[in-house]
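Structure record follows, encoded as structure tokens.
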Amino acid sequence: MSATFNLASLLDDSAEKYAEREAIVFPAAGARLTYAQLRGAADQVANLLASRGIQPGDKVALSCANLPYFSIVYWGILKAGATVVPLNVLLKGREVAYHLADSDAKAYFCFQGTPELPIGQEGHAGFEQTPGCEHFFLITVDPSAPSPIEGTETLGQAVAEQSPRFETVGTDEDDTAVILYTSGTTGQPKGAELRHRNMRDNALAGADIFGADAEKPDTFLCVLPLFHSFGQTVIQNAGVAFGGTVVMLPRFEAGPALQLMQSEGVTFFAGVPTMYWGLLGALKEAGDSVDVTQIAKQLRVAAAGGSALPVEVHKNFEEKFGVTILEGYGLSETSPVASFSVYGEPPRVGSIGKPIPGVEMKLIEPESWEEVNADDSDPDAVGEIAIKGHNIMKGYYGRPEATDEAIQDGWFRSGDLGRRDADGWYYIVDRSKDMIIRGGYNVYPREIEEVLMSHPAVSLAAVIGVPHDSHGEEVKAVVILEDGAELTEDELVAWSKEQMAGYKYPRIVEFVPQLPMTATGKILKRELS
């Protein structure tokens, strides 16, 4: 039988214990909020929602960059007993309308954005296309300023008369706390319903995964977008659960990130592989303006997820910063963390670690769900990763058939191909959808990317399959060269031929100045051709 628990209790508990500790730091505006101030602001949002008729269980959407407002509104929605629906800030009006309607959102908080990224205009356009969404609140940089969008109410205006005291609504731990939309690489995006207990247990897992301790609180650099599960759980929610300080950077820029790591005494950094690659590049350019020795002395944890971390990046980061990157794995549907390198144990470079406490993983045949390599006798056996435990979503909102396809007997199929060594450590081989089939042979892009990045002239690489008349698919590499490096396509193809089996090496190479990426920093392979 489930118990009464609201995810917002994490904030309430820390505000009681550590009222004067800094909860959020936003250096760009000189803002430094204590836990007492964060809870008071969240309580105003909860009172606002209750005054506008929002009921426990109602869905409330939120579009906001990494600003204190995201956390204030997020916790306020939860305290009111409602469900948070975080939206990608890059969505256009039509896409916003889809998400609002699909989630049955009753209210929508949207940041005004910038001239380069007019989130507010797009968000309001989407709101106006969604009759069922009744309330729109524009989050402005200056809370006292009038709304730049005619006819809309600002968050500052809406909460001006609201009390900073609100008793958090009791919810069942199996109620939906958050609906996170998947990236929608196939078909329309689907909303993964995550229970209060899913999100709570995943945040509290930081004690086991990272050695988190509220008596020795961490300072987190928040560069992962908070609308995504990785930043939301591992940075924001775990930070609050263990009384830490979250330093916010609205979007990842490697140079400013290094400066903040030094000036704010950051002890915990989490990012996707391209962010680590960016930090290493920025370090070369920073020269004496950044004291890497000081950063290394302060940095306690470096965590990576979102996609496979190239071995070369892993090695170079440890060499420069003196910290071994802990690599993990998860999905929106798993709250998100499913496995991580074991804190305090020697790392296995290239591994996503072992399942976290309370979680099981296994390898299956994609079609039959039959287990692969059940006795660990073949470390090279490849299967689709399936996951079971406290972190598995309730299902896809409003899509029972899609839920049934993804979950059987409590096991969630990830769509990722992996293998497992004799000690139970897992390794991602590739996304099943990214796998290339060339002349009947399976080619795993990640393996090719690792080899390419070992070339001294190659800085970053993405490997894709392109149509071929006789082979079905051909292997193509899209490559960013190191600054000042000179290399021709033919030279890289010839070098690759010496390094890899005949069916694997790329016959086609394209050099580019940059690669398309998602808002979360993942390489967007579907835009490559």
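Each residue of the sequence shown is one higher than the one before, counting from 1 in full-length UniProt numbering. Glycine included, every Cβ here is placed at the ideal spot set by N, Cα and C.
Over what stretch of residues does the alpha helix (DSSP H) that includes residue i continue unbroken?
| i | result |
| --- | --- |
| residue 416 | First-last for residue 416: 411-420, but that is the beta strand (DSSP E), not the alpha helix (DSSP H). |
| residue 200 | 196-204 |
| residue 119 | 119-128 |
| residue 218 | It is not in any alpha helix (DSSP H) - residue 218 carries neither H nor E in the DSSP assignment. |
| residue 181 | Here residue 181 belongs to no alpha helix (DSSP H); instead the beta strand (DSSP E) covers 176-181. |
| residue 10 | 9-17 |
| residue 70 | 68-79 |
| residue 403 | 400-406 |
| residue 98 | 93-103 |
| residue 250 | Neither: residue 250 is in no alpha helix (DSSP H) and is coded neither H nor E. |
| residue 531 | Nothing about residue 531 can be reported from this structure: the residues present for the chain run from 1 to 529 only. |
Run through DSSP, which three-state label would residue i get?
| i | result |
| --- | --- |
| residue 58 | coil |
| residue 259 | helix |
| residue 207 | helix |
| residue 275 | helix |
| residue 392 | coil |
| residue 234 | helix |
| residue 521 | coil |
| residue 43 | helix |
| residue 531 | The structure shown does not extend to residue 531, since the chain is modelled only from 1 to 529, so the question has no answer here. |
| residue 160 | coil |
| residue 317 | helix |
| residue 191 | strand |
| residue 354 | strand |
| residue 287 | helix |
| residue 570 | Here the chain comprises residues numbered 1 to 529, so residue 570 is not present and cannot be evaluated. |
| residue 497 | helix |
| residue 332 | helix |
| residue 344 | coil |
| residue 29 | helix |
| residue 311 | helix |
| residue 169 | coil |
| residue 150 | coil |
On the criterion of 16 or more Cβ atoms from any shown chain inside 10 Å, does residue i qualify as buried, or is it exposed?
| i | result |
| --- | --- |
| residue 310 | buried |
| residue 184 | Residue confidence for residue 184 is low, a pLDDT of 47 falling below 50, so the modelled location carries little weight and cannot support an answer. |
| residue 273 | buried |
| residue 162 | buried |
| residue 532 | Beyond the ends of the chain as shown, which are 1 and 529, falls residue 532; an answer cannot be given. |
| residue 370 | exposed |
| residue 484 | exposed |
| residue 388 | buried |
| residue 466 | exposed |
| residue 193 | buried |
| residue 352 | buried |
| residue 437 | exposed |
| residue 531 | Past the edges of the chain, shown from 1 to 529, lies residue 531, and the structure says nothing about it. |
| residue 201 | buried |
| residue 379 | exposed |
| residue 94 | exposed |
Among the options, whose alpha-carbon lies nearest the alpha-carbon of residue i?
| i | options | result |
| --- | --- | --- |
| residue 189 | 250, 88, 217, 420 | 88 |
| residue 222 | 24, 315, 457 | 24 |
| residue 285 | 263, 301, 256, 138 | 256 |
| residue 181 | 312, 331, 326, 248 | 331 |
| residue 361 | 368, 350, 374 | 374 |
| residue 44 | 168, 96, 29, 493 | 168 |
| residue 415 | 394, 385, 424 | 385 |
| residue 481 | 473, 34, 458, 529 | 458 |
| residue 304 | 376, 294, 277 | 277 |
| residue 64 | 198, 38, 141, 56 | 141 |
Please list, in chain order, all residues of the same chain as residue i whose beta carbon is under 7 Å from its beta carbon, the five residues on each side excluded.
| i | result |
| --- | --- |
| residue 228 | 520 |
| residue 340 | 209, 326, 328, 353, 356 |
| residue 425 | 348, 351, 353, 354 |
Once the 5 residues before and after residue i are set aside, which same chain residues still bring their CB inside 8 Å of it?
| i | result |
| --- | --- |
| residue 90 | 117, 519 |
| residue 186 | Because the pLDDT of residue 186 is 45, which lies under 50, any placement of that residue in the model is unreliable, and the question is left without a value. |
| residue 516 | 523, 524, 527, 528 |
Please work out which residues of its chain come closer than 6 Å, Cβ to Cβ, to residue i, disregarding the five sequence neighbours upstream and downstream, and give them in chain order.
| i | result |
| --- | --- |
| residue 461 | 449, 452, 453, 477, 479 |
| residue 75 | 8, 11, 42 |
| residue 103 | 59, 85, 179, 191 |
| residue 322 | 296 |
| residue 430 | 417, 444, 445, 446 |
| residue 155 | 137, 139 |
Beta strand (DSSP E) containing residue i: first to last residue?
| i | result |
| --- | --- |
| residue 136 | 135-139 |
| residue 460 | 458-468 |
| residue 428 | 426-431 |
| residue 363 | 359-364 |
| residue 438 | 436-438 |
What do you reckon, is the C-beta of residue i under 7 Å from a heavy atom of the ligand ATP?
| i | result |
| --- | --- |
| residue 3 | What this structure holds is no ligand at all, so the ligand ATP is not there to describe. |
Should residue i be flagged as near chain C, meaning a C-beta pair shorter than 8 Å?
| i | result |
| --- | --- |
| residue 311 | Considering every chain present, this structure includes no chain C. It has just one protein chain. |
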